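Okay, structure first, notes after.
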Amino acid sequence: DVHLVQSGAELKKPGARVKISCKVSGYTFSANWIHWLRQAPGKGPEWLGLIDPEDGETSHAEKFEDRLTITADLSVDTAYLQLRDLRFDDTAIYYCSTGESTVPLPTGRFDFWGQGTLVIVSS
Amino acid sequence: DIMLTQSPLSLPVTPGEPASISCRSNQSLLHRNEYNYLDWFLQRPGQSPHLLIYLASNRAPGVPARFSGSGSGTDFTLEISRVEAEDVGVYYCMQGLQTPFTFGQGTRLDMK
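Protein chains in written order, with this note's numbering: chain G, 1247 to 1369; chain E, 20 to 131.
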């Protein structure tokens, strides 16, 4: 069975940085892209970015400019999301997601999701 | 960014009755490969989103046959043939044609 297990909740002050992990099991980590999304309280999901763990290729939403970094460590089957210069509106549940890559869906479906990591930004 | 508009935003349904949710895009989601890059998700209370339909009309593995997706271009529909109690939650459409992938506002389905 495929599992994505994320790190625990974080409480941060404005201007700080947070790094969230997503450890996968049940498949070959390098085979599937990993997506990161977040969901602010009472809002719908928001896609943040993705990574190909095999070669480290990434893409992320332009609104985050250079605040967002997505990485992957093949030695521990774990993807990471780091968000810098935290703002109050970064308060959200952050999710990782993955799925098998296919011809029409080279970055994979959103078949499997982590349990979510709550990040609260508060002074 | 591509904008998706869902309707209705709230959908009270009697168990056993059908339900339908619309998702409209401000740009065509039809790729030159003839696939429509539109997915549907259900988020039950307190849970992560769950993929129901991908590429507009394909049921994800393990999804009951009462769920179906249709549409092409800019207009898409999710249909539930007979709603069950476990279908309660918020339904989202998402476009995967171009980054940033974007979601509709969500449709809350609950039991009458």
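Each residue gets a CB set at the ideal place from its N, CA and C atoms; glycine is no exception. Here the structure is a predicted model, which means the values were calculated and not measured.
For the 8 Å CB-CB criterion, residue 1248 of chain G and residue 1358 of chain G form a contact. The DSSP assignment places no complete alpha helix (DSSP H) segment of no fewer than 4 residues inside the stretch 46-87 of chain E.
In chain order, 48 and 56 place their CB closer than 6 Å to the CB of residue 116 of chain E, counting only its own chain and leaving out the 5 sequence neighbours on each side. If the five residues before and after residue 1336 of chain G are omitted, its C-beta is found closer than 7 Å to the C-beta atoms of 1329, 1365 and 1367, all from its own chain and listed in chain order. Taking the beta carbon of residue 1341 of chain G as reference, the chain E residues within 9 Å of it are 67 and 68, listed in sequence order.
Using a 10 angstroms sphere on the CB of residue 1349 of chain G, the tally of other CB atoms stays under 16, which defines it as exposed. Annotation: Cβ neighbours of residue 1305 of chain G in chain E (cutoff 8 Å, chain order): 118. Residue 45 of chain E counts as exposed, since fewer than 16 other beta carbons sit within 10 angstroms of its beta carbon. Here residue 106 of chain E is near residue 128 of chain E, since their CB atoms are less than 8 Å apart. The shortest C-alpha to C-alpha distance from residue 1302 of chain G to any of G:1257, G:1308 and G:1325 is the one to G:1325. Taking 3 residues as the minimum length, the beta strand (DSSP E) runs contained wholly in the stretch 1289-1318 of chain G are 1291-1298 and 1303-1306, in order along the chain.
In this structure, residue 96 of chain E sits near residue 39 of chain E, with a CB-CB distance shorter than 8 Å. Excluding its 5 nearest sequence neighbours in each direction, residue 1318 of chain G has C-beta neighbours in its own chain below 6 Å: 1297, 1299 and 1325, listed in chain order. The Cβ-Cβ distance between residue 1316 of chain G and residue 1293 of chain G does not fall below 8 Å. Under DSSP, residue 122 of chain E takes part in a beta bridge, and its partners are E:113. Taking all protein chains in view, the Cβ of residue 113 of chain E is crowded by 16 or more other Cβ atoms within 10 Å, so the residue is classified as buried. Assignment of residue 1248 of chain G by DSSP, reduced to helix, strand and coil, places it in the coil class. In the structure shown, the three-state DSSP call for residue 1323 of chain G is coil. Chain G places no beta carbon closer than 8 Å to that of residue 129 of chain E, leaving this residue out of the contacts. Looking at the backbone, the Cα of residue 1312 of chain G and that of residue 1257 of chain G are separated by about 22 Å.
Here the alpha carbons of residue 1260 of chain G and residue 111 of chain E stand approximately 30 Å from one another.
By the rule that beta-carbons nearer than 8 Å mark a contact, residue 125 of chain E touches chain G.
Cα atoms of residue 26 of chain E and residue 1305 of chain G: separation of roughly 30 Å, rounded to the nearest angstrom. When the Cα atoms are used, residue 71 of chain E and residue 80 of chain E turn out to be separated by approximately 8 Å. In this structure, DSSP gives residue 20 of chain E a state outside helix and strand, which the three-state scheme calls coil.
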